[in-house]
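Down below is the structure, laid out as structure tokens.
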Amino acid sequence: MDKALLARVEKQAWFHRFPRALPFTLFGIALLATGLFVNNFERLDRAANSAQLYQQANDLANELEYKAAENTVYLNAAASLFSGSEEVSKRQLSDLIADLGERAAERGVLGVGWARWMKAGDIEAFQAEQREATNAPDFTIRPVPISPFAEMAVIAVLAPDTESNHAALGYDMYSEAKRRTAMDAAISTGRASATAKVQLVQDFNRGARPGFLIYVPVFARQSTDRRWVKGPLKGFVYSPIRAQEFLSAALRRVPHEDINVQLYDGPVQASNKLAESVIEGSQGETTRRTVVVGDRTWTLVVTSVNTRLLSPVSRLSLLAGILVSLLVLALSWLATMRAAEDRKVLEWLTQQNAIRLSLTRELNHRVKNTLANVLSIVSLTRRRSRSIDDFAEGLTGRIRALSATHDLLSQRDWSDALLSEVVTSELAPYLDPTDPHADLEGPDVALAPNDALSLGLALHELATNAAKYGALSTPNGRVSIKWRLSGDAVCEVEWKESGGPPVKAPERRGFGLDLIEKIVSHELKAAVEMDFAPDGVHCRLKVPVRDPGTFAIRQGREG
-11 MDKALLARVE KQAWFHRFPR ALPFTLFGIA LLATGLFVNN FERLDRAANS
39 AQLYQQANDL ANELEYKAAE NTVYLNAAAS LFSGSEEVSK RQLSDLIADL
89 GERAAERGVL GVGWARWMKA GDIEAFQAEQ REATNAPDFT IRPVPISPFA
139 EMAVIAVLAP DTESNHAALG YDMYSEAKRR TAMDAAISTG RASATAKVQL
189 VQDFNRGARP GFLIYVPVFA RQSTDRRWVK GPLKGFVYSP IRAQEFLSAA
239 LRRVPHEDIN VQLYDGPVQA SNKLAESVIE GSQGETTRRT VVVGDRTWTL
289 VVTSVNTRLL SPVSRLSLLA GILVSLLVLA LSWLATMRAA EDRKVLEWLT
339 QQNAIRLSLT RELNHRVKNT LANVLSIVSL TRRRSRSIDD FAEGLTGRIR
389 ALSATHDLLS QRDWSDALLS EVVTSELAPY LDPTDPHADL EGPDVALAPN
439 DALSLGLALH ELATNAAKYG ALSTPNGRVS IKWRLSGDAV CEVEWKESGG
489 PPVKAPERRG FGLDLIEKIV SHELKAAVEM DFAPDGVHCR LKVPVRDPGT
539 FAIRQGREG
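According to the working numbering, the stretch in the sequence shown is residues -11 to 547, in order.
Take a look at the structure:
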């Protein structure tokens, strides 16, 4: 294979070692880009919400001041009307509400009332007068003043004539500190004045319902030198207002989705809270505004509320980004898998090429070794033969021995050969099941190809010699072949003949002995022990048992 191609393959090895890195990296980049887009949209949305929050706070503060001023205008008109009257009647107040305050209930106003300014000594006469004028026999001033000289502002008329308003008649508002402070301020300035946070008389038995009152003083008018001047105080025109309904009326005129609103009389303290409008959600940005009602300063707190995790644009962008990221992941995954498959094919081709080269080198080596063995066999056979027939017979047998071992190795794909199969192949003619002349005993041992060929030649020569001159030449002769593994990765093979004719050491060395002691011992790298005992030939061979990885060509490379 082209070396440049192999070099490029090696450079890209990281890509194939981590096949999931690229798809997930691209997926992460796409998600990161999506997150940046969503964050930018959220930042813009927060800026828009902040501007909207400030606008809502301003609009709500203006609406509260407008409604308070609207109530004050009604009360000032009533004060101007009543300043010239001897007494204020319920009919006059009802007409005033009908003419000037048709939407008073929408502003949280419970009505318009008249509080008579009087001395404590006039209680009896005033009670009798009110009972007769209003046909209310239960009209009673409360609380009863301690001193007959105490000043009082008693609720004489309150319209509309509802059950809760009727229950407030006769109450001395000047007896309560917060109301008295507001009335004193109105007397001092001659203008409208609001109370601090109070519990309205109408709600005394209805639990905690914070409210406030707006007072406008009514002075008698006197004529001096053709001019009207302010005379003595006659009383107060006032409006009792529930704070929660007052705030709700303002909120109906101002968009207030996704905001929390708290209204405080003065500083932001729990004891000063007048009203609130709260929705569920996580708190966001907060802004405060000052609201002036009469002569009092309120604090309006407006807080944005996150009722949703993301804005609609951000949710759409996030969904689109996730879909695009998944598409990128899928496409890059498919591309990576295709590249991985191409890599496997390329590696397989590279491996096959390496195997082919190895096989070629191994085949060349083994052919050379086989030819060298054949040449040695031919040369030795020629020198030791007495005739052409003797030469042909010896050479043919030895070549067949090599061929038989070659067949065994070919059947096992030249990976190895079992020692028992090599022995069985060479002694096949003497292993008749009905009358065997050879005993085989030993464990399964795998031999390297070259070692199997050498052992096969040695066994062939021993068997041929035994068949001509030794134990296998007589009917009662036997051969015992035993092998065992020793501790130093060597298999010891023992050939022992018995029952044959008496044996004596040869007077001259034959080809078989030279083949065993020279060629075989050289190939096996171990000395061969030959003992020509009188009762039979005894031979010991040592065959190395090698690790398959040292001689296998394809084994382990194809897996």
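All C-beta atoms, glycine included, are put in the ideal place defined by N, C-alpha and C.
- Straight-line gap, Leu406 to Glu480 (C-alpha atoms, nearest Å): The residue given as residue 406 occupies position 418 in the sequence shown. The residue given as residue 480 occupies position 492 in the sequence shown. So the two alpha carbons sit approximately 14 Å from each other.
- Item | Cβ pair Phe206, Leu63 closer than 7 Å | Taking the sequence shown and counting its residues from 1, the one referred to as residue 206 is at position 218. Taking the sequence shown and counting its residues from 1, the one referred to as residue 63 is at position 75. Here residue 206 turns out to be Val, not Phe, going by the sequence shown. Result no, Cβ atoms of Val206 and Leu63 do not sit closer than 7 Å.
- Drop a sphere of 10 angstroms on the beta-carbon of Ser305, count the other beta-carbons inside from all chains shown, and report buried for 16 or more, exposed for fewer. As a working mapping, residue 305 is identified with position 317 in the sequence shown. When all chains shown are included, Ser305 counts as buried.
- Message: Within a Cβ cutoff of 6 Å, which residues of the same chain sit near Gly458, ignoring the five residues on either side of it in sequence?
- Response: The residue you call residue 458 lines up with position 470 of the sequence shown. Excluding positions up to five away in sequence, the list reads Glu485, Gly488, Val525.
- Message: Using the Cβ count rule (16 or more neighbours within 10 Å means buried), how would you classify Met325?
- Response: Counting from one through the sequence shown, the residue named residue 325 turns up at place 337. When all chains shown are included, Met325 counts as exposed.
- Cβ distance (whole Å) where Val316 is taken to contact Leu14 below 8 Å: Translated into positions along the sequence shown, residue 316 becomes position 328. Translated into positions along the sequence shown, residue 14 becomes position 26. The Cβ separation is near 5 Å, so the contact holds.
- Taking the C-alpha atoms as reference points, what is the distance between Gly476 and Arg534? The residue given as residue 476 occupies position 488 in the sequence shown. The residue given as residue 534 occupies position 546 in the sequence shown. According to the sequence provided, residue 476 is Asp. The question's Gly does not apply to it. Rounded to whole angstroms, Asp476 to Arg534 spans 11 Å at the Cα level.
- Beta-carbon separation (whole angstroms), Gly96 vs Val145, contact threshold 8 Å: As a position in the sequence shown, residue 96 is number 108, starting the count at 1. As a position in the sequence shown, residue 145 is number 157, starting the count at 1. Their Cβ separation, rounded to whole angstroms, is 20 Å, which puts Gly96 and Val145 out of contact at 8 Å.
- When Ala121, Asp523, Val478 are compared against Ala515, the one with the closest alpha-carbon: Within the sequence shown, residue 515 is the residue found at index 527, counting from 1. For the residues Ala121, Asp523, Val478, the minimum Cα distance to Ala515 belongs to Val478.
- Item | Where Tyr62 sits in the DSSP three-state scheme | Stepping through the sequence shown from its first residue, residue 62 is reached at position 74. Tyr62: helix per DSSP, three-state reduction.
- What whole-angstrom Cβ distance do Leu52 and Ala238 have, given they're in contact under 8 Å? By one-based count along the sequence shown, residue 52 stands at place 64. By one-based count along the sequence shown, residue 238 stands at place 250. Yes, Leu52 and Ala238 are in contact; Cβ-Cβ is about 5 Å, under 8 Å.
- Message: Are the CB atoms of Asp246 and Val279 within a distance shorter than 7 Å?
- Response: The sequence position of residue 279 within the sequence shown is 291, counting from 1. The sequence position of residue 246 within the sequence shown is 258, counting from 1. Contact: no.
- Query: Under 7 Å between the Cβ atoms of Phe29 and Val266?
  - Reply: Start at 1 with the first residue of the sequence shown, and residue 29 comes out as number 41. Start at 1 with the first residue of the sequence shown, and residue 266 comes out as number 278. Not a contact, by the Cβ cut-off of 7 Å.
- Query: What are the boundary residues of the alpha helix (DSSP H) that includes Thr177?
  - Reply: Residue numbering aside, residue 177 sits at position 189 when the sequence shown is read from its first letter. First-last of the alpha helix (DSSP H) with Thr177: 165 to 177.
- Message: Please classify Cys527 as buried or exposed, where buried requires at least 16 other C-beta atoms within 10 Å of its C-beta.
- Response: Position 539 of the sequence shown, counting from 1, holds the residue named residue 527. Looking at its Cβ environment, which holds 16 or more other Cβ atoms inside 10 Å, Cys527 is buried.
- Start and end residues, alpha helix (DSSP H) containing Ile111: Here residue 111 refers to the residue found at position 123 when the sequence shown is read from its first residue. Where Ile111 is concerned, the enclosing alpha helix (DSSP H) stretches over 111 to 121.
- DSSP puts Asp33 in a beta bridge; with which residues? Here the question's residue 33 lines up with position 45 in the sequence shown. Answer is none; Asp33 lacks a bridge partner.
- Item | Exposure of His561, with buried meaning 16 or more beta-carbon neighbours within 10 Å | Outside the shown range of the chain (-11 to 547) lies residue 561, about which nothing can therefore be said.
- Tell whether a beta-carbon distance below 7 Å holds between Ala180 and Gly282. Looking up residue 180 in the sequence shown gives position 192. Looking up residue 282 in the sequence shown gives position 294. A contact, by the Cβ cut-off of 7 Å.
- Message: Looking at Arg188: is its Cβ nearer than 7 Å to the Cβ of Ala231?
- Response: Position 200 of the sequence shown, counted from the first residue, corresponds to residue 188. Position 243 of the sequence shown, counted from the first residue, corresponds to residue 231. The question names Arg, but residue 188 is Leu in the sequence shown. No, they are not a contact pair.
- With DSSP as the reference, please indicate the residues paired to Asn294 in a beta bridge. Translated into positions along the sequence shown, residue 294 becomes position 306. In the DSSP output, where bridge partners are listed per residue, Asn294 has Ser270.
- Item | Own chain residues within Cβ distance below 6 Å of Ala493, not counting five before or after | On the sequence shown, position 505 is the one that residue 493 refers to. The residues are Phe520.
- Task: With DSSP collapsed to three states, give me the class of Arg415.
- Result: What you label residue 415 is simply residue 427 of the sequence shown in a count that begins at 1. Per the sequence shown, residue 415 should be read as Leu rather than Arg. In the structure shown, Leu415 sits in coil (DSSP, three-state: anything other than H, G, I, E or B).
- In chain order, what residues of the same chain have a beta carbon less than 6 Å from the beta carbon of Ala56, not counting five sequence neighbours either side? Translated into the one-based positions of the sequence shown, residue 56 becomes position 68. Same-chain partners within the cutoff: Val281.
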